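Asks:
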Ligand SMILES: [Zn+2]
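In this note's numbering, the protein residues as written are 1 to 470.
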């Protein structure tokens, strides 16, 4: 469209501005007109694999060596520029990014020129609504990795685009769309003319799971979820209701899928020439498991803080239930007092306190102890946030570990009964089937259970982010 005149309104009208070329901003037909204008781009940009989606253009360029790669990238950018110039379009280098998928050679970026400017390099970019990262390779998370990208061919892109766009086209059939469809022959990834407008077969959920399960490393988390004593629904509850930001959610899923660029991953999966020793303790292999829950350097502060956040949820619920405290505060803000008491020596709630007993017992400092001398009841509560694989063992160990203390306290306070209650949730939020039963022994609501899970997975995400500087 040429020679239009525009006028803009906020509270007053602007003066008239001559619009020499372009489609009207916000016009219903504008996107289609633009697509009609640029759909032959792929006939001109012959290097690499170019995908157009609305006004976004992405090029995937690969080569056997760096020299060839950079040369191809430059050629492709030149071709793109010529096409745009011929069609009165302007390229904006500052709105473009270059993501380089690294092989063994690192820290070397080509200078690719677009319309007189160098394209900035980035670690990730958005591609057809998916995040593409230079160092990550996973199919089931929201991230597309290098392996997947290299496997994408024009058919896959068409499938993606079809799912996203054609559903809408089908819904709004109009004469105009039909004309566009007829004229849009083999140009562009959309290739509407040859698209059979029948329902697109989607992979079934079971097929997807089967594929996920089949992956040795990335399937490990699914195999944990499906193991006999794990509560699958509750282990994934945070995804439904925690309200965690999408980006953090994706990050946590990547941790669960073990596609985080730890030194171990760089060396053993990406086959890069780096040491796999942990950057903090320098003793063990820096796997994602090690960072999440196995590093001696992270134990005294980072793991303890995550553990305490989960414990605080339990402590506050008890304190409020016993009317020792009026309102529950967010766990990250509260500092439980070591001793809370009500009545003349009737009810005591202890936080991280050493218990004095007649006989010396080895484990005498559980996270929380509750003693009600009037009802002659007591609880020993100990919290743990172990790795996925250790949840079951930890529950059993906690029960055994505090049994001697339970016997002693029962005697000292002349209690009718005292129970040891382990509260165990994995670094990835995995819980056992008895998780819900906590609500029978402790004054917890489903909301408390969700909060504890949020504290655990967010804690893990923060630790990984901080440690690996991601
Ligand atoms: Zn370490």
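Idealized CB from N, CA, C, for every residue including glycine.
In this text, all values refer to a predicted model and were calculated from it rather than measured experimentally.
1. Judging by CA-CA distance, which residue of 402, 390, 388 is the nearest neighbour of residue 382?
2. Among residues of its own chain, excluding the 5 on either side of residue 443, which ones have a beta-carbon nearer than 7 Å to its beta-carbon?
3. According to the Cβ coordinates, are residue 456 and residue 429 closer than 8 Å?
4. Measure the Cβ-Cβ separation of residue 91 and residue 114 and say whether it is below 8 Å.
5. Can you have a look at residue 366 and say buried or exposed, based on whether 16 or more other CB atoms are within 10 angstroms of its CB?
6. Determine the burial state of residue 144: buried for a count of at least 16 other Cβ atoms within 10 Å of its Cβ, exposed for fewer.
7. Under a three-way DSSP split, which group does residue 422 fall into?
8. Do you know how far the Cα of residue 124 is from the Cα of residue 299?
9. If residue 41 and residue 83 are in contact, beta carbons under 8 Å, what's the gap, nearest whole angstrom?
10. Take the Cβ of residue 27 as the centre, count every other Cβ of all protein chains shown within 10 Å, and call the residue buried at 16 or more, exposed below.
11. Using a Cβ distance threshold of 8 Å, determine whether the stretch 414 to 421 contacts the stretch 215 to 234, with at least three qualifying pairs required.
12. Going by the C-beta, is residue 297 closer than 7 Å to any heavy atom of ligand 1?
13. Reducing DSSP to helix, strand and coil, say where residue 188 ends up.
14. Count the other CB atoms within 10 Å of the CB of residue 263; is the residue buried (16 or more) or exposed (fewer)?
15. In whole angstroms, what separates the C-alpha of residue 437 from that of residue 395?
16. For the beta strand (DSSP E) containing residue 384, name the first residue and the last one.
17. Given this structure, state the Cα-to-Cα distance separating residue 233 from residue 38, to the nearest angstrom.
18. Between which two residues does the alpha helix (DSSP H) holding residue 408 run?
Replies: According to the data block:
1. Among 402, 390, 388, the Cα nearest to that of residue 382 belongs to 402.
2. Here the set comprises 317, 318, 321.
3. Closer than 8 Å, so yes.
4. Contact flag set, yes.
5. Burial check for residue 366: the Cβ neighbour count within 10 Å reaches 16 or more, so the residue is buried.
6. Residue placement at residue 144 cannot be trusted, given a pLDDT of 45 that sits under 50; what the coordinates show is reported in the next sentence. With 16 or more Cβ atoms within 10 Å of its Cβ, residue 144 is classed as buried.
7. In this structure, residue 422 counts as strand in the three-state DSSP scheme.
8. Taking the straight line from one Cα to the other gives about 31 Å.
9. Confirmed, Cβ separation roughly 5 Å.
10. Around the beta carbon of residue 27, fewer than 16 other beta carbons lie within 10 angstroms, which makes this residue exposed.
11. The stretch 414 to 421 vs the stretch 215 to 234: no contact.
12. Distances from the CB of residue 297 to the heavy atoms of ligand 1 include at least one below 7 Å.
13. At residue 188 the pLDDT is 45, less than 50, meaning the model places this residue with poor confidence; the figure from the coordinates comes in the next sentence. It is coil, neither helix nor strand.
14. It counts as buried.
15. Residue 437 and residue 395: Cα-Cα distance of roughly 13 Å.
16. 377 to 384 is the extent of the beta strand (DSSP E) around residue 384.
17. Rounded to the nearest whole angstrom, the C-alpha separation of residue 233 and residue 38 is 47 Å.
18. First-last of the alpha helix (DSSP H) with residue 408: 403 to 412.
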